[in-house]
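Inspection log for the structure reproduced underneath, given as structure tokens.
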């Protein structure tokens with residue numbers, strides 16, 4: 353299995369601080385081509401024909417989005433690049449901005465020409481200081497060479513870009529919340545319609561695309577829509593960048609054609625599971641996605657297949673889990689993230705996610721009831737159907753997908769009061785193997801609650817009623833005598 357680099361074509365191969373290095377690699381050739389050879393409508397037709405869909409998670413056809421923005425006449429329009437990458441473990445946009453910032457500048461200018469806009473804004477989170485520095489340097493260099501500003505390439509078209517710094521709120525990845533944040537207001541979503549293409553930044557027509565979407569624009573213009581649409585699947589064209597992380601041997605970014613299977617990504621490019629343990633699941637789409645079990649390893653990765661499997665593409669995070677991971681705990685982890693990041697504007701997300709998290713806390717602490725499974729499913733579905741924006745609408749996905757694929761683990765927590773993966777501390781107790789214990793007393797001295805008894809050079813034992821499952825005894829033992837039960 354090999355990669356196919358389009359969005360990452362220059363990352364790591366050129367000097368991001370040297371505009372001439374970018375130009376030597378066909379940089380700004382696509383912008384020159386559209387300004388001299390294409391009408392605005394022709395640009396939109398080419399992007400539409402390519403089949404490019406938004407890489408930020410929604411998967412909306414990019415050409416259609418541009419057409420909507422162009423259709424609204426106003427004295428001011430805006431092109432916005434969404435660089436608010438908030439998924440845990442995801443760093444696709446960061447890598448492109450740090451390694452190839454001019455590709456985003458060029459694409460935004462092309463978009464500006466297509467929708468008849470002269471102003472671009474990049475919403476970039478403050479946690480990415482190097483990306484901010486390199487993008488600003490690239491904007492300054494492009495302006496100095498006349499590739500931004502007035503009369504670009506001697507034409508009547510002008511375009512400028514400024515950076516807006518975000519404070520790191522996950523909800524600001526949603527385009528209406530992002531726009532409000534750029535305007536200096538709370539980052540909260542609003543009902544659509546009207547969509548930003550009609551009324552966005554300062555109530556003006558606004559086109560919002562994420563970094564990876566923009567990174568595909570110049571190659572499409574230079575190589576043609578037919579070339580791009582020949583890659584991928586029928587409904588998901590081109591490639592997708594994934595941030596491969598977790599229990600996999602080769603972590604990092606991987607760009608593969610749409611339709612590549614999970615198996616090819618994880619066991620091909622990823623090299624398989626770390627320490628050759630058994631694969632358990634892959635969480636795609638971050639907190640908004642779902643956990644895909646080994647039954648989905650041969651599922652082609654595209655927008656529709658992932659949704660059908662109970663997950664989603666999202667921005668491209670892919671966390672790999674092995675036999676040592678507790679799926680109930682994983683669902684609780686992602687839901688806790690969503691609870692913390694909820695803006696609180698709508699009741700289903702503000703209250704519903706908290707109630708879901710409380711039920712999971714109850715289950716992982718050993719106090720779960722069999723009825724809790726039905727409560728999770730019903731409440732999760734309600735939150736999905738009634739929340740205002742994508743954060744709440746997708747927050748229950750980790751719960752619903754793990755119940756669907758790992759119901760036995762939920763039952764073990766609820767019925768047997770045990771965690772099969774030995775990860776939930778309230779359900780984990782330690783014991784001592786008498787055949788291996790030498791009576792060194794290290795475990796007893798390490799125990800913070802005095803749950804271990806025994807004399808020197810005599811076999812020790814653990815009082816399960818006192819044990820808090822902290823694992824200090826296991827860490828202290830040098831003879832492998834302590835084990836989880």
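Numbering (the working numbering), first residue to last: 353 to 837. Even glycine gets a Cβ: it sits at the ideal position worked out from N, Cα and C.
Task: C-alpha distance - residue 787 paired with residue 832, whole-angstrom precision - done: 10 Å
Open item on the list: Quick check on the DSSP output: what are the complete alpha helix (DSSP H) runs of length 4 or more inside the region 361–419, in order along the chain?
Closed with: Here the runs fully enclosed are 371–376, 381–389, 392–402.
Open item on the list: Need the endpoints of the beta strand (DSSP E) that residue 433 sits in, please.
Closed with: 430–435
- [ ] Could you round the C-beta distance between residue 475 and residue 431 to whole angstroms and report it? I think they count as a contact, below 8 Å.
- [x] In this structure residue 475 does not touch residue 431 by the C-beta definition: roughly 12 Å separates them, more than the 8 Å allowed.
Open item on the list: Could you tell me the alpha carbon to alpha carbon distance between residue 425 and residue 636, rounded to whole angstroms?
Closed with: 39 Å
Open item on the list: Tell me which residue opens and which closes the beta strand (DSSP E) that residue 835 is part of.
Closed with: 834–836
TODO: Report the rounded CA-to-CA distance for residue 683 versus residue 750, giving the unit in angstroms.
DONE: Rounded to the nearest angstrom, the gap between the Cα atoms of residue 683 and residue 750 is 5 Å.
Task: residue 542 - DSSP class collapsed to helix/strand/coil - done: coil
Open item on the list: Rounded to whole angstroms, what is the Cα-Cα separation between residue 613 and residue 640?
Closed with: Residue 640 has its alpha-carbon roughly 20 Å from the corresponding atom of residue 613.
Open item on the list: Looking at the strands, I want to know which residues DSSP matches up with residue 589.
Closed with: Answer by DSSP bridge pairing, in chain order: 584.
Task: Own chain, CB closer than 6 Å to residue 493, minus 5 neighbours either side, in chain order - done: 371
TODO: Hey, could you find the ends of the beta strand (DSSP E) residue 309 is sitting in?
DONE: Limits of the chain in this structure are 353 at one end and 837 at the other, which puts residue 309 out of reach.
Open item on the list: The beta strand (DSSP E) that contains residue 465, what's its start and end?
Closed with: Unbroken run through residue 465 is the alpha helix (DSSP H), 453–467; no beta strand (DSSP E).
Open item on the list: Using 8 Å as the threshold, is the C-beta distance between residue 535 and residue 477 below it?
Closed with: no
Open item on the list: So residue 629 and residue 599 are supposed to be a Cβ contact under 8 Å. How far apart are they, rounded?
Closed with: 7 Å
Open item on the list: What does the alpha-carbon distance come out to for the pair residue 738 and residue 660?
Closed with: For residue 738 and residue 660, the distance between alpha carbons rounds to 20 Å.
- [ ] Have a look at 596, 638, 609 and flag the residue whose alpha-carbon is nearest the alpha-carbon of residue 624.
- [x] 596
Task: Given residue 675 as reference, the closest of 479, 592, 565, 761 once Cα atoms are compared - done: 761
Open item on the list: Here's the rule I'm using: 16 or more other beta-carbon atoms within 10 Å means buried, otherwise exposed. How should residue 418 be labelled?
Closed with: buried
TODO: Find the nearest neighbour of residue 524 within the set 393, 449, 696, judged by alpha-carbon distance.
DONE: 696
- [ ] Just the C-alpha distance for residue 373 and residue 362, rounded to the nearest angstrom, thanks.
- [x] 10 Å
- [ ] May I have a chain-ordered list of the beta strand (DSSP E) segments no shorter than 3 residues that lie completely inside the region 592–643?
- [x] 604–609, 631–636
Task: Host beta strand (DSSP E) of residue 754 (start-end) - done: Not the beta strand (DSSP E): residue 754 falls in the alpha helix (DSSP H), residues 749–757.
TODO: Assign residue 559 to buried or exposed, taking buried as 16 or more other Cβ atoms, counted over all protein chains shown, within 10 Å of its Cβ.
DONE: buried
TODO: Take the Cβ of residue 415 as the centre, count every other Cβ of all protein chains shown within 10 Å, and call the residue buried at 16 or more, exposed below.
DONE: buried
- [ ] To the nearest angstrom, report how far apart residue 607 and residue 452 are at their CA atoms.
- [x] 15 Å
- [ ] Say whether the region 399–412 touches the region 571–584, bearing in mind that this needs 3 or more beta-carbon pairs closer than 8 Å, one atom from each stretch.
- [x] Three or more beta-carbon pairs drawn from the region 399–412 and the region 571–584 are found closer than 8 Å, and the two stretches are therefore classed as touching.
TODO: Just confirm the distance between the C-beta atoms of residue 740 and residue 708, as a whole number of angstroms; I'd bet it's less than 8 Å.
DONE: Their Cβ separation, rounded to whole angstroms, is 17 Å, which puts residue 740 and residue 708 out of contact at 8 Å.
Open item on the list: So, for residue 765: in the same chain, excluding its five sequence neighbours on each side, which residues have a beta-carbon less than 8 Å away from its beta-carbon?
Closed with: Within the same chain, and ignoring the five residues on either side of residue 765 in sequence, the residues whose Cβ sits closer than 8 Å to its Cβ are 680, 715, 716, 718, 720, 771, 776, 779.
TODO: Kindly indicate which three-state DSSP category residue 766 falls into: helix, strand or coil?
DONE: helix
Task: Close Cβ partners of residue 532 (< 7 Å) along its chain, the five nearest in sequence each way excluded - done: 538, 539, 540
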